[in-house]
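Sequence lines, in order, name chains A and B. According to the numbering used here, the first sequence is numbered sequentially starting from 4. According to the numbering used here, the second sequence is numbered sequentially starting from 569.
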Amino acid sequence: MSSRWWLPRRTAQLSVLALIASPLLGTTFFRGNLAAADLFGLPLADPLAFLQALIGGRVFVLSYLVSALAVTACYFILGGRSFCGWICPVGLITELGDKLRRRLGSGEATMPLVASRWSLGLALSAVALTGVPLFEVLSPIGIISRAIAFASLMPLFVLAAILLVETVVSRRVWCRSLCPLGGFYSLVARFSLLRVGFVEQRCSHCGDCLHVCPVQEVLAPSLGLGAPQITAGDCSRCLACVDSCSAKALNIVLSYK
Amino acid sequence: MRGKGEKGVNREQEITMATETTNAGMSRRQFLRGSAVAPLALMLAGSGVAAVYLRPAEAGGVTLRPPGAIAEKRFLAACVRCGKCAQACPYRSIKMAGGEAGVGIGTPVIVPREMPCYLCPDLPCITACPSGALDKSLQDPEKVRIGTAVIMDRESCLSIRGLRCEVCHRQCPLIDKAITIEPRHNPRTDEHTIMEPVVHSEKCVGCGICENSCVLPKPAIVVQKTVVIQRDSYEF
């Protein structure tokens, strides 16, 4: 098993944590967190946070729209849910939780992937109807970021709750099925260019990719019916399958098929 | 094509079988895990999350927002909880609320007794706000309305008791505009003057420097988000 993509991916995930922590050292090149940030003067914005502020707060700032669109465009090219696989600090932690779960041999139940889209719908309708930005309030992404940047540790129990449920009840349930931001990026990912391709002739059906994939469902059409690309929407482009494949049947492609 | 299809179905069955073998034949351990531990864990996680979120932001004393904050209900939705205003504040006056703030979790708050707002002329917190939760059209620090200072405890206020304190007046960045000193005869000694500090709500920005500087252990002058109109006894 080669591990070509494992190292750059972990580096990216840890760099995000380092960036969020960097203002503590008095540096100013990064400010904010994954909801909104400045990186070397470049404004970055979470498109879902933008939508919630727009709907619930009835505020509109043009520069905020532009940065939210720019970020969406980047993820459109780079694979949408690649946010989940490469950037999101919650993903990093629940991946480690998943390792623990495997060791315990618990929590085999899985929830359908489509639930994340329902969750996105719920978050958006909640903010429209009640004015409560459900996802910004609950977001374990924000909670981790603020725990790092502002030592706001008490809300970390939300993350602990997620880890508890993921290790005991259902595998990666937050990231797979409940996170509204994951739901948002899965819609972007459906149309995005960067995908995992599948060469049926090379596949030996060893099942290694199924073992490492956090969203096994996306592999089924390829392994079962020989679809030339892994289902793009829910794939987090973590590329663990590419690393795991000794037959080199899985690769990275930049096209629709 | 037909052959390929059948082969495909067989493969799919193989895969489903491969993933399902772990569920076949349930041991007592697995049964307990499925029927006792999982609901318990769900209940624990759910009630913990609910306990924190089912309360309003004011409950945790989170009332005073940074300069330029829009109306509270809209602010709660407009603020994306990025913390850039707090990072931009040179005095670290802006803190990020934690779980105590309920639905206001992660929103910025000013606690004057810890660190008041010093009204930077360029209002860097408003510049830093990406979403418009802090209104960018506000550019004049004197137009800021974080709240209004109120002398809550007239019985303790040293100036009102006849002593020469007036620290709040002298510390006020809008001295003689937001806080004035109104002298009057001291009927208790019958030979001194009471130098009473009076807050003028139309000028007060609510920066909280007065609350921060009040020499009493529990400040007599406190910034209130909304002021309940109090009638003084002489108005009756």
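A virtual CB, placed ideally from N, CA and C, is assigned to each residue, including glycine. As the structure is a computational prediction, the values presented were derived from the model and not from experiment.
Can the beta-carbon of residue i be found less than 9 Å from the beta-carbon of residue j?
i	j	result
residue 734 of chain B	residue 763 of chain B	yes
residue 141 of chain A	residue 130 of chain A	no
residue 37 of chain A	residue 62 of chain A	no
residue 145 of chain A	residue 674 of chain B	yes
residue 295 of chain A	residue 182 of chain A	Since the displayed chain A opens at 4 and closes at 260, residue 295 of chain A lies outside it and no answer follows.
residue 710 of chain B	residue 742 of chain B	yes
residue 789 of chain B	residue 773 of chain B	no
residue 8 of chain A	residue 243 of chain A	yes
residue 680 of chain B	residue 775 of chain B	yes
residue 27 of chain A	residue 150 of chain A	no
residue 171 of chain A	residue 609 of chain B	yes
residue 97 of chain A	residue 23 of chain A	no
residue 211 of chain A	residue 249 of chain A	yes
residue 213 of chain A	residue 219 of chain A	yes
residue 727 of chain B	residue 755 of chain B	no
Taking the alpha-carbon of residue i as reference, which of the options has the nearest alpha-carbon?
i	options	result
residue 658 of chain B	B:644, B:693, B:779, B:729	B:693
residue 670 of chain B	A:118, A:89, A:135	A:135
residue 217 of chain A	A:99, A:256, A:78	A:99
residue 177 of chain A	A:255, A:115, A:45, A:254	A:115
residue 162 of chain A	A:238, A:132, A:95	A:95
residue 672 of chain B	B:656, B:684, B:649, B:781	B:649
residue 615 of chain B	A:91, A:204, A:258, A:168	A:168
residue 682 of chain B	B:782, B:656, B:720, B:636	B:782
residue 684 of chain B	B:794, B:707, B:715	B:715
residue 777 of chain B	B:718, B:756, B:794, B:760	B:718
residue 662 of chain B	B:736, B:636, B:641	B:636
residue 784 of chain B	B:725, B:755, B:794	B:725
residue 651 of chain B	B:666, B:640, B:757, B:642	B:666
Would you tell me roughly how many angstroms separate the C-alpha atoms of residue i and residue j, rounded to the nearest one?
i	j	result
residue 15 of chain A	residue 654 of chain B	26 Å
residue 729 of chain B	residue 668 of chain B	36 Å
residue 638 of chain B	residue 206 of chain A	58 Å
residue 80 of chain A	residue 196 of chain A	5 Å
residue 29 of chain A	residue 786 of chain B	34 Å
residue 241 of chain A	residue 89 of chain A	7 Å
residue 689 of chain B	residue 160 of chain A	39 Å
residue 111 of chain A	residue 215 of chain A	14 Å
residue 25 of chain A	residue 39 of chain A	15 Å
residue 70 of chain A	residue 611 of chain B	39 Å
residue 256 of chain A	residue 198 of chain A	5 Å
residue 771 of chain B	residue 75 of chain A	44 Å
residue 106 of chain A	residue 678 of chain B	46 Å
residue 64 of chain A	residue 194 of chain A	27 Å
residue 83 of chain A	residue 239 of chain A	8 Å
residue 645 of chain B	residue 104 of chain A	36 Å
residue 656 of chain B	residue 676 of chain B	12 Å
residue 703 of chain B	residue 643 of chain B	10 Å
residue 746 of chain B	residue 687 of chain B	14 Å
residue 41 of chain A	residue 50 of chain A	15 Å
residue 708 of chain B	residue 691 of chain B	8 Å
residue 128 of chain A	residue 184 of chain A	14 Å
residue 706 of chain B	residue 793 of chain B	18 Å
residue 760 of chain B	residue 736 of chain B	21 Å
residue 202 of chain A	residue 85 of chain A	22 Å
residue 750 of chain B	residue 769 of chain B	15 Å
residue 247 of chain A	residue 109 of chain A	23 Å
residue 101 of chain A	residue 720 of chain B	54 Å
By the 10 Å Cβ neighbour count, where 16 or more other Cβ atoms means buried, how is residue i classified, buried or exposed?
i	result
residue 660 of chain B	exposed
residue 124 of chain A	exposed
residue 47 of chain A	buried
residue 632 of chain B	buried
residue 779 of chain B	buried
residue 712 of chain B	buried
residue 52 of chain A	buried
residue 35 of chain A	buried
residue 613 of chain B	buried
residue 139 of chain A	buried
residue 21 of chain A	exposed
residue 796 of chain B	exposed
residue 78 of chain A	buried
residue 66 of chain A	exposed
residue 143 of chain A	buried
residue 738 of chain B	exposed
Hey, would you say the C-beta of residue i is under 8 Å away from at least one heavy atom of the ligand ADP?
i	result
residue 738 of chain B	As far as ligands go, the structure on display features none, and thus does not contain the ligand ADP.
So, do the region 111-125 of chain A and the region 222-231 of chain A have three or more beta carbon pairs nearer to each other than 8 Å? no
For the region 694-706 of chain B against the region 50-59 of chain A, are there 3 or more C-beta pairs whose distance is under 8 Å? yes
Does the region 148-168 of chain A come close enough to the region 184-195 of chain A to have 3 or more Cβ pairs within less than 8 Å? no
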